[in-house]
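Have a look at the structure below before the remarks.
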Amino acid sequence: MDVRKLSAWCLAAYLLLSTIIIVPIACVSTFIMIMPLLLVNRPLFLKLENRLCQLVNDHWATCSYFCGLQVIEYGDDISAITDKRVLFLANHQGFFDNHVIMNSLQDKGKVPGSYLWVIYNIWKCTPLGVMWTIHGNFFVNGGPKNRERELGEFRKLLSDYFWSWNYGWVVMYPEGSRLFKIRESSARFAEKNGLAPLRHCTYPRLGAAHALMQVCAPSKEDATGSRSGGGPPMDYIVDATLGYTKGRVIDLGSALMGEWPLGTGKTCIHYKIHKVKPEYADEEKLKDFLYELYKEKDDLLDKFYRTDDFPGEKRTVQLSTTTIIASQVFWGALYYAHYSLWIAPLCSTVLSAITSFLF
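First residue of the sequence shown? That's 1 in the UniProt record's numbering, and the numbers climb one at a time after it.
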């Protein structure tokens with residue numbers, strides 16, 4: 001067998017084992033163990049929980065790195081606003097988009113520990129989804145029948161927990177689904193509403209972004225406070241444009257084996273920072289702003305697919321060796337601690353009980 005192929009299979013097996021079993025079990029078990037701190041020391045609990053979330057992000061970034069991902073950033077430097085409250089909007093092309101974003105954000109200060117994802121519920125039953133659930137991320141079921149109920153639940157989540165749990169960035173894909181699934185319906189929507197057709201992205205759905213602005217946008221009366229009065233307002237909107245070389249989006253299986261289309265793992269993101277205005281709580285004004293944003297995004301992607309480059313200075317995202325080693329050692333050691341503390345004794349007890357019952 002080809003040595004390179006064998007190495008890829010061994011690496012894939014390790015990444016699957018750690019991602020599906022080791023990290024989720026260690027993460028969820030540790031979260032349960034620190035939950036009593038909520039009753040006696042909430043700041044300490046939040047500090048530990050945020051650190052746990054950041055280490056999960058470090059693990060996923062490490063997996064992406066070993067799979068060959070190389071993220072290159074263009075445009076505004078979002079590291080300048082890591083301590084602000086931000087709505088992060090990205091175009092959605094494939095499942096691997098999540099890993100590109102996590103890789104890009106891993107070196108952005110406290111962001112990976114305190115971000116809140118709004119994401120389709122297909123992820124809820126995955127190991128990543130389990131960890132996202134305990135972190136408080138919001139899962140969307142989709143469909144017009146559920147829309148108003150889900151938006152109400154999202155507004156309540158923001159009012160109850162956005163400030164009290166120290167969330168900072170809210171990450172969402174406002175298009176609603178991956179591009180290839182909604183390209184035709186989006187074209188019909190644009191034609192029906194007299195909008196310019198988009199080729200490389202779709203006009204965003206407003207529901208979740210508008211719900212967030214209703215709660216977190218600056219108050220007209222006092223720009224230092226939010227509309228809901230729960231705390232400081234949302235500061236910025238980051239428009240993130242993800243571009244894959246020649247539009248060839250990699251699937252998760254191919255990424256795991258390091259089999260990249262066109263032989264390169266280079267993936268590019270263009271960032272543009274916009275200040276949040278109180279008027280974005282008005283749905284029509286938010287629609288005008290976001291529709292214009294996505295027209296510009298479509299132009300950006302059109303040029304990118306022709307040149308394999310976004311405008312502006314490029315910055316290669318670096319994943320430090322320290323982060324790689326520390327994340328793998330941490331999760332391995334933490335899992336071993338849980339294994340010694342309760343997993344092995346529990347398995348032994350269950351096995352003994354089954355043996356006694358059968359024999």
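Beta carbons: idealized from backbone N, C-alpha and C, even for Gly. Bear in mind that the values here come from a model prediction, so they are computed numbers and not experimental data.
**OP:** Could you please give the first and the last residue of the uninterrupted alpha helix (DSSP H) stretch that includes residue 274?
**Re:** Residue 274 -> not in any alpha helix (DSSP H); beta strand (DSSP E) instead, spanning 266-275.
**OP:** With DSSP as the reference, label residue 206 as helix, strand or coil.
**Re:** coil
Original post:
For the alpha helix (DSSP H) that contains residue 132, what are its first and last residues?
Top reply: 127-135
Original post:
Identify the residues that DSSP records as bridge partners of residue 75: which are they?
Top reply: 271
**OP:** Excluding the 5 residues preceding and the 5 following residue 172 in the sequence, name in chain order all residues of the same chain whose CB lies nearer than 6 Å to its CB.
**Re:** 118 and 208
Original post:
If you scan the region 79-109 from start to end, which runs of the beta strand (DSSP E) of 3 or more residues do you find wholly inside it?
Top reply: 86-90
Original post:
What residues match up with residue 242 in a beta bridge as DSSP calls it?
Top reply: 269
Original post:
Along the chain, where does the alpha helix (DSSP H) that runs through residue 65 open and close?
Top reply: 42-66
Original post:
Is it a yes or a no for the region 94-105 touching the region 290-302, going by three-plus beta-carbon pairs under 8 Å?
Top reply: no
Subject >> Nearest neighbour of residue 80, chosen from 66, 238, 231 and 276 [CA to CA] >> reply: 238
**OP:** Within 10 angstroms of the Cβ of residue 269, are there 16 or more other Cβ atoms? Answer buried if so, exposed if not.
**Re:** buried
Original post:
According to the Cβ coordinates, are residue 30 and residue 52 closer than 8 Å?
Top reply: yes
Original post:
With C-beta atoms as the reference, is residue 87 less than 8 Å away from residue 167?
Top reply: no
Original post:
Is the number of C-beta pairs between the region 278-288 and the region 199-217 that are closer than 8 Å three or more?
Top reply: yes
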